[in-house]
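Chains as they are written, first to last, in the numbering used here: chain A, 5 to 130; chain B, 3 to 145; chain C, 23 to 123.
Cβ atoms here follow ideal geometry from the backbone N, Cα and C, with glycine treated the same way.
Please read all numbers here as calculations on a predicted model, not as lab measurements.
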Amino acid sequence: MSGHEVTKALLLKALDAATLRHQAIASNIANANSVNYRPLRVNFEEQLGFARQALAQPGGTLTAADVAGVRARLEQEPAPRAGTAAVMIDMEMVKLSQNTLQYQALLKGVSHHGSLVTTAINEGRK
Amino acid sequence: MDYFSAFAISASGMSVEKMRLDVTALNLANVHSTRGASGQLYQPLTVISTAKPGAFAAAMTQAGNASLGAQVTEVRATLTPPRLTYEPSHPDADAKGFVAYPAINPVNEMITMMTATRAYEANVAALNAARVMAMKALDIGGN
Amino acid sequence: MNVDPVGFLPPLTEVAGLQAADAGNNVGTSDFASWLAKEIGSVNDKITGSDQLLQKLATGQVDNLHQVMIALDEAKMSFQMLVQVRNKLLEAYQDVIRMSV
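Dropping the structure here:
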């Protein structure tokens with residue numbers, strides 16, 4: 005896979021992760037007052053631990069192998085201590101804001117990424 | 003500074019103010035409590051919050067996940083002498099007939115509650131402003 | 023008697039300076055190909071740089087969101103400029119070919 009395709013695949017997986025995260029946050033907010041509810045979270049960025057180190061160096065890019073096995077998945081957080089609330093609604097709202105922003109930034113990235121190929125196909129004609 | 007850390011700073015401020023509000027509500031609820039869980043008199047609590055131990059100068063100049071923001075270091079029981087009222091028929095009255103109530107000043111607690119609420123709203127405004135800025139940054143380069 | 027090796031001679035910096043000046047003055051047609059190759063290389067660098075920033079965005083470690091957007095926009099604009107240069111070159115070439123001898 006060329007670098008271009010690796011980026012595209014990674015962006016699509018990140019979009020999947022953002023969608024899944026939205027569902028997790030919505031579920032947490034809906035179950036804010038449920039008894040024995042364990043909050044949900046999404047595990048995605050943690051799977052890219054080595055990849056992030058490679059990216060941190062100047063000029064480093066990811067390879068197909070880095071991206072292949074990564075998949076966003078839902079996890080349950082540990083049960084809260086007795087007497088404390090499992091879900092803090094204002095923190096969930098902050099996460100929601102952040103996730104929405106990330107989703108839109110990724111969408112912009114995908115469209116910019118694809119527009120390069122579109123320009124090449126159109127040969128610069130509008 | 004990326005928008006993740008801008009959100010995290012506002013979120014930390016919000017949780018500190020929420021804790022302050024919770025403690026204030028607890029104090030107000032226990033204005034007439036003569037005994038705490040351990041059998042001692044209930045002592046009014048205060049929240050001590052400090053800045054997170056991030057190096058400000060280094061964090062401002064270099065990008066990355068700087069751990070800035072506020073944190074609650076301690077929820078401390080204030081050692082104010084109790085308020086004594088003369089109620090000989092109260093089960094907790096001492097030998098002289100005085101009952102010790104916690105020295106909670108409702109006026110102070112109300113002021114703390116108001117400032118905590120305003121600080122919470124200010125943190126939410128800061129978070130919204132960060133979000134609007136980031137959304138505008140997404141508009142770079144046209145639609 | 024001490025015979026110093028030839029290595030003590032200072033490097034011929036004046037000659038190197040003359041060569042650099044000569045290269046700057048040379049804007050003849052033989053250099054256009056290398057100039058074009060250099061420009062294509064720089065556009066490619068911009069595109070791979072914006073790719074790397076997009077990967078950082080996907081893994082959640084952007085330093086500045088506006089930096090990513092600006093880099094993306096720059097890469098797109100320089101690629102479009104390159105495509106237009108290529109179109110103009112092709113047009114000029116076809117004009118020359120159509121010239122009757």
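Same chain, Cβ closer than 7 Å to residue i, five either side skipped, listed in chain order
{"i": "Gly-38 of chain B", "result": "Tyr-44"}
{"i": "Ala-124 of chain A", "result": "none"}
{"i": "Ile-11 of chain B", "result": "Leu-70 and Gly-71"}
{"i": "Leu-78 of chain A", "result": "Leu-24, Ala-28, Leu-44 and Val-46"}
{"i": "Val-84 of chain C", "result": "Lys-78 and Val-90"}
{"i": "Lys-99 of chain A", "result": "Ile-29"}
{"i": "Phe-9 of chain B", "result": "Leu-129 and Ala-132"}
{"i": "Ile-93 of chain A", "result": "Ile-33 and Ala-36"}
Residues near residue i in its chain [Cβ-Cβ closer than 8 Å; skip 5 each side]
{"i": "Phe-100 of chain B", "result": "Leu-86, Thr-87, Tyr-88 and Glu-89"}
{"i": "Asp-132 of chain C", "result": "Outside the displayed range of chain C (23 to 123) lies residue 132 of chain C, so it cannot be described from this structure."}
{"i": "Val-25 of chain B", "result": "Leu-47, Thr-48, Val-49 and Val-77"}
{"i": "Thr-36 of chain B", "result": "Leu-43, Tyr-44, His-92, Asp-94, Val-101, Ala-102 and Tyr-103"}
{"i": "Leu-104 of chain C", "result": "Glu-61, Ile-62 and Val-65"}
{"i": "Ala-97 of chain C", "result": "Val-65, Lys-68, Ile-69, Gly-71 and Ser-72"}
{"i": "Asn-48 of chain C", "result": "Caution is warranted here: a pLDDT of 48 is assigned to Asn-48 of chain C, below 50, making its placement in the model unreliable, and no coordinate value can be reported."}
Residue-chain proximity (residue i, chain B), Cβ-Cβ < 7 Å
{"i": "Met-91 of chain C", "result": "yes"}
{"i": "Val-84 of chain C", "result": "yes"}
{"i": "Val-98 of chain A", "result": "yes"}
{"i": "Leu-87 of chain C", "result": "yes"}
{"i": "Leu-105 of chain A", "result": "yes"}
{"i": "Ser-101 of chain A", "result": "yes"}
Residues bridged to residue i [DSSP beta-bridge criterion]
{"i": "Glu-76 of chain B", "result": "B:Ile-50"}
{"i": "Thr-87 of chain B", "result": "B:Val-101"}
{"i": "Asn-37 of chain A", "result": "The partner list for Asn-37 of chain A (beta bridge, DSSP) is empty, contrary to what the question assumes."}
{"i": "Glu-79 of chain A", "result": "A:Arg-45"}
Closer than 7 Å to chain A by CB, residue i
{"i": "Met-21 of chain B", "result": "no"}
{"i": "Ala-124 of chain B", "result": "no"}
{"i": "Ala-72 of chain B", "result": "no"}
{"i": "Leu-81 of chain B", "result": "no"}
{"i": "Asn-47 of chain C", "result": "With a pLDDT of 49 at Asn-47 of chain C, under the threshold of 50, the modelled position of that residue is not reliable, and no figure is offered here."}
{"i": "Ala-136 of chain B", "result": "yes"}
{"i": "Leu-140 of chain B", "result": "yes"}
Expected contact under 8 Å - CB spacing of residue i and residue j to nearest Å
{"i": "Tyr-103 of chain B", "j": "Met-16 of chain B", "result": "So it is not a contact: roughly 33 Å between Cβ atoms."}
{"i": "Leu-15 of chain A", "j": "Leu-76 of chain C", "result": "6 Å"}
{"i": "Glu-96 of chain A", "j": "Asn-32 of chain A", "result": "5 Å"}
{"i": "Leu-66 of chain A", "j": "Ala-76 of chain A", "result": "Incorrect: roughly 16 Å between the Cβ atoms, too far for contact."}
{"i": "Gly-7 of chain A", "j": "Thr-70 of chain C", "result": "6 Å"}
{"i": "Leu-87 of chain C", "j": "Ala-136 of chain B", "result": "5 Å"}
{"i": "Val-18 of chain B", "j": "Val-74 of chain B", "result": "6 Å"}
{"i": "Glu-111 of chain B", "j": "Asn-29 of chain B", "result": "5 Å"}
Residues of its chain near residue i, where Cβ-Cβ distance is below 6 Å and the 5 sequence neighbours each way are ignored
{"i": "Gly-66 of chain B", "result": "Its pLDDT being 48, under 50, Gly-66 of chain B is placed unreliably in this model, and the coordinates cannot settle the point."}
{"i": "Ser-100 of chain C", "result": "Val-65 and Lys-68"}
{"i": "Ala-128 of chain B", "result": "Ser-12"}
{"i": "Ala-79 of chain B", "result": "Gln-45 and Leu-47"}
Test: residue i CB closer than 7 Å to a CB of chain C
{"i": "Gly-143 of chain B", "result": "yes"}
{"i": "Ala-132 of chain B", "result": "no"}
{"i": "Leu-59 of chain A", "result": "yes"}
{"i": "Ala-128 of chain B", "result": "no"}
{"i": "Ala-102 of chain B", "result": "no"}
{"i": "Thr-65 of chain A", "result": "yes"}
{"i": "Gly-73 of chain A", "result": "no"}
{"i": "Gly-113 of chain A", "result": "yes"}
For the region 115-129 of chain A, list every residue whose C-beta sits within 8 Å of some C-beta in chain C, in sequence order. His-116, His-117, Ser-119, Leu-120, Thr-123, Ala-124, Glu-127 and Gly-128
Report the residues of the region 7-31 of chain A with a CB closer than 8 Å to any CB of chain B, ordered along the chain. none
Chain B contacts made by the region 54-68 of chain C, where a contact means CB separation under 8 Å: none
Within 8 Å of chain B by C-beta, residues of the region 91-123 of chain C in sequence order: Met-91, Ile-92, Leu-94, Asp-95 and Lys-98
Residues of the region 3-35 of chain B with a CB closer than 8 Å to any CB of chain A: list them in chain order, please. Taking 8 Å as the Cβ-Cβ cut-off against chain A, the residues of the region 3-35 of chain B that qualify are Tyr-5, Phe-6, Phe-9, Ser-12, Ala-13, Met-16, Ser-17 and Lys-20.
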